[in-house]
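Residue numbers (our numbering): 47 to 118.
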(Lines of atoms letter the chains of each structure in order from A and count residues from 1; the text may use other names and numbers.)
(Lines give C-alpha, C1' and ligand atoms only; values in the text may rest on other atoms or scores of the structure.)
Protein backbone atom coordinates (compact mmCIF):
# COMPACT_ATOMS: atom_id res chain seq x y z
CA UNK A 1 0.00 0.00 0.00
CA UNK A 2 2.83 2.35 0.83
CA UNK A 3 4.41 1.72 -2.57
CA UNK A 4 1.14 2.53 -4.35
CA UNK A 5 0.84 5.82 -2.47
CA UNK A 6 4.50 6.64 -3.07
CA UNK A 7 3.91 6.22 -6.81
CA UNK A 8 0.48 7.85 -6.93
CA UNK A 9 1.43 11.10 -5.19
CA UNK A 10 4.06 12.20 -7.75
CA UNK A 11 1.80 11.18 -10.65
CA UNK A 12 -1.12 13.18 -9.22
CA UNK A 13 1.15 16.16 -8.58
CA UNK A 14 2.31 16.11 -12.20
CA UNK A 15 -1.30 15.84 -13.42
CA UNK A 16 -2.28 18.79 -11.21
CA UNK A 17 0.66 20.84 -12.49
CA UNK A 18 -0.22 20.07 -16.11
CA UNK A 19 -3.86 21.08 -15.70
CA UNK A 20 -2.81 24.30 -13.97
CA UNK A 21 -0.30 25.06 -16.71
CA UNK A 22 -2.90 24.36 -19.38
CA UNK A 23 -5.38 26.69 -17.70
CA UNK A 24 -2.78 29.46 -17.49
CA UNK A 25 -1.71 28.99 -21.11
CA UNK A 26 -5.28 29.04 -22.40
CA UNK A 27 -6.22 32.19 -20.52
CA UNK A 28 -3.03 33.93 -21.69
CA UNK A 29 -3.26 32.84 -25.33
CA UNK A 30 -4.09 35.43 -27.96
CA UNK A 31 -7.28 34.33 -29.68
CA UNK A 32 -6.49 36.47 -32.73
CA UNK A 33 -3.13 34.78 -33.14
CA UNK A 34 -4.69 31.35 -32.73
CA UNK A 35 -7.26 32.14 -35.44
CA UNK A 36 -4.48 33.41 -37.70
CA UNK A 37 -2.54 30.16 -37.31
CA UNK A 38 -5.73 28.13 -37.80
CA UNK A 39 -6.43 29.94 -41.08
CA UNK A 40 -2.84 29.21 -42.14
CA UNK A 41 -3.66 25.51 -41.83
CA UNK A 42 -2.02 24.57 -38.55
CA UNK A 43 -3.89 21.59 -37.16
CA UNK A 44 -3.12 22.28 -33.49
CA UNK A 45 -4.35 25.85 -33.84
CA UNK A 46 -7.62 24.63 -35.38
CA UNK A 47 -8.14 22.23 -32.47
CA UNK A 48 -7.39 24.96 -29.95
CA UNK A 49 -9.73 27.40 -31.73
CA UNK A 50 -12.54 24.84 -31.47
CA UNK A 51 -11.83 24.34 -27.78
CA UNK A 52 -11.79 28.10 -27.18
CA UNK A 53 -15.23 28.43 -28.76
CA UNK A 54 -16.51 27.36 -25.32
CA UNK A 55 -13.78 28.94 -23.19
CA UNK A 56 -15.83 28.98 -19.98
CA UNK A 57 -16.64 25.29 -20.33
CA UNK A 58 -13.01 24.43 -21.03
CA UNK A 59 -11.73 26.38 -18.03
CA UNK A 60 -14.44 24.83 -15.87
CA UNK A 61 -13.44 21.33 -16.95
CA UNK A 62 -9.78 22.05 -16.24
CA UNK A 63 -10.62 23.38 -12.79
CA UNK A 64 -12.72 20.33 -11.97
CA UNK A 65 -9.94 18.02 -13.16
CA UNK A 66 -7.37 19.93 -11.10
CA UNK A 67 -9.55 19.69 -8.00
CA UNK A 68 -9.96 15.95 -8.50
CA UNK A 69 -6.19 15.49 -8.79
CA UNK A 70 -5.66 17.60 -5.67
CA UNK A 71 -8.27 15.75 -3.62
CA UNK A 72 -7.00 12.29 -4.55
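No residue lacks a Cβ here, since even glycine has one placed at the ideal position from N, Cα and C.
In this text the structure is predicted, and so the values were computed from the model without any measurement.
Sequence-distant residues of the same chain with beta carbon closer than 6 Å to residue i, five excluded per side
| i | result |
| --- | --- |
| residue 115 | 58, 61 and 62 |
| residue 170 | Nothing about residue 170 can be reported from this structure: the residues present for the chain run from 47 to 118 only. |
| residue 65 | 108, 111 and 112 |
Contact set for residue i: own chain, Cβ-Cβ below 8 Å, skip 5 residues either direction
| i | result |
| --- | --- |
| residue 119 | Only positions 47 to 118 of the chain appear in this structure, which leaves residue 119 out of reach. |
Helix, strand or coil at residue i [DSSP, three-state]
| i | result |
| --- | --- |
| residue 66 | helix |
| residue 77 | helix |
| residue 87 | coil |
| residue 118 | coil |
| residue 99 | coil |
| residue 47 | coil |
Reference residue i; option with closest CA among the options
| i | options | result |
| --- | --- | --- |
| residue 78 | 92, 66 and 67 | 92 |
| residue 100 | 73, 84, 85 and 82 | 73 |
Chain-order list of residues whose beta-carbon lies under 7 Å from that of residue i (same chain, five-residue window excluded)
| i | result |
| --- | --- |
| residue 81 | 95 |
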